[in-house]
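Below is one structure, written out as structure tokens; the observations come after it.
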Ligand SMILES: [Cu+2]
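In the numbering used here, the protein residues as written are 26 to 462.
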């Protein structure tokens, strides 16, 4: 079991040194911040109604303080550095040291007070996407409130009225601020923990960036042609695996804050869409799926029973979204013997690659520009995994402690259960070969 104390001491979180005068911050909740993109253990609630906490993929839950029965949080909007995957860092905007910001986790009926401090160079606001709340707390700058100017702290306060999965993001200069990574997840648990129980409850956001090879800062004017496709601002193999013990009930909550839809696909299992933006679906309305499309601005919570042990792929089904940055300007020379030619061109054109000649060209035995991911980068038990971007692995094991979220390594498949190489004689031809006529 992870205690709150262990969470603080062992997980790379820190109470940030305040840039503002101490007296001015005395009444504010402490700022908890991290510079790590590692997945943190779920935060067991130290007070209030009990619940089974979510695990944020490559993220963390924001601690709160309880004051006169109100849960008080402190979000700080600020520039951050996010490791997208080993070998690539992005200069983003986010909250409390990371992008996405920390997950906010509360219980239905909780009164919540969120202090938002703006350390950006421009105004911002926070919209609590999907919540029932007073109109003046909805966070559209200019419409519901004045914008939060640089250096200012605003206070939002409302009751978390219904259980479900939500998001938060600015409603001020959105094309810039969302393209720069300002977003986070919000989970409101049922007051009755016996309703909709899950043994593993994961949450993350779909996000995308346009970062030219060799640079660090996203282009904020891009509307469609992004080149870095991520789960919670991490690209495979930087994405943490999701783990479950055989037989456990697994929930995965996914929110989409990119500019396109993503058909999210799980291997080896059927799931149901148990939650939408409007809350939990009624059991009679659910049907089995292996892929569900998540539109822009939508959230879906899928649920399934971890029925088969193994390493099961979990990914967006748009092929380009499981490839990293440099795949997006690759010429097609299928059919040609390309290795020597590609090497000659690469000597003249930095970063040149050709398609259809995997693995040598794709896995990049050629030099990369600084701060760029190869387009397909993973490697697994049996060799290279031709995947990047929006891809991770659902690791189901027979033995796993209930609250153990650590990577158990690659699956040891039972002997005789893996696809194998045919080494016998080829079968006899049933027709004459064409060129012998
Ligand atoms: Cu996608």
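Every residue, glycine too, gets a C-beta built ideally from N, C-alpha and C.
Asked                                                                                                                                  : Found
Residue 288: CB within 8 Å of a non-hydrogen atom of ligand 1                                                                          : yes
Every unbroken beta strand (DSSP E) inside the stretch 150 to 233 [3 residues or more]                                                 : 152 to 154, 178 to 184, 189 to 194, 209 to 214
Check: residue 254 C-beta below 8 Å from any heavy atom of ligand 1                                                                    : yes
Whole-angstrom distance between residue 307 and residue 167, CA atom to CA atom                                                        : 37 Å
Within the stretch 398 to 431, ranges of the beta strand (DSSP E) (whole runs, at least 3 residues)                                    : 403 to 405, 408 to 410, 416 to 422
heavy atom of ligand 1 below 8 Å from residue 292 C-beta                                                                               : no
Endpoints, beta strand (DSSP E) assigned at residue 290                                                                                : 287 to 291
Residue 343: CB within 8 Å of a non-hydrogen atom of ligand 1                                                                          : yes
Coarse secondary structure for residue 310, derived from DSSP in three states                                                          : helix
CA nearest to the CA of residue 505, picked from 78, 247, 183                                                                          : The chain is shown only over 26 to 462; residue 505 falls outside these bounds and no answer can be derived.
Residue 383 burial status per 10 Å Cβ neighbour count (16 or more: buried)                                                             : Confidence in residue 383 is poor, its pLDDT being 48 and thus under 50, which makes the residue's placement too unreliable to answer from.
Assigned secondary structure, residue 347 (DSSP; H/G/I helix, E/B strand, else coil)                                                   : helix
Option in 294, 68, 314 with minimal Cα separation from residue 89                                                                      : 68
Separation of residue 96 from residue 221, as counted between CA atoms                                                                 : 23 Å
Residues that residue 117 bridges to, as DSSP identifies them                                                                          : 105
Residue 282 Cβ short of 8 Å to ligand 1 heavy atom set                                                                                 : no
Alpha carbon of residue 130 to alpha carbon of residue 170, nearest angstrom                                                           : 24 Å
Inter-residue spacing [alpha-carbon to alpha-carbon] between residue 157 and residue 276                                               : 23 Å
Alpha-carbon spacing of residue 332 relative to residue 422, whole angstroms                                                           : 10 Å
Residues of its chain near residue 203, where Cβ-Cβ distance is below 8 Å and the 5 sequence neighbours each way are ignored           : 194, 195, 282
Buried/exposed call for residue 420, threshold 16 Cβ in 10 Å                                                                           : buried
Proximity winner among 428, 443, 109, 94, relative to residue 240 (alpha-carbon distances)                                             : 109
Buried or exposed (CB count within 10 angstroms, at least 16 for buried), residue 445                                                  : exposed
Paired residues, beta bridge with residue 146 - DSSP                                                                                   : Answer is none; residue 146 lacks a bridge partner.
Inter-residue Cα distance where the pair is residue 256 and residue 162                                                                : 28 Å
For residue 334 and residue 436, believed in contact at Cβ under 8 Å, the rounded distance                                             : 7 Å
Contacts around residue 302, its chain only, beta-carbon distance under 7 Å, and the 5 residues preceding and following it disregarded : 155, 323, 324
Cβ-Cβ distance between residue 103 and residue 84 below 9 Å                                                                            : no
Cβ-heavy atom distance, residue 285 to ligand 1, below 8 Å                                                                             : yes
C-alpha distance - residue 413 paired with residue 397, whole-angstrom precision                                                       : 12 Å
Given 8 Å, three or more beta-carbon pairs between the stretch 214 to 234 and the stretch 136 to 144                                   : no
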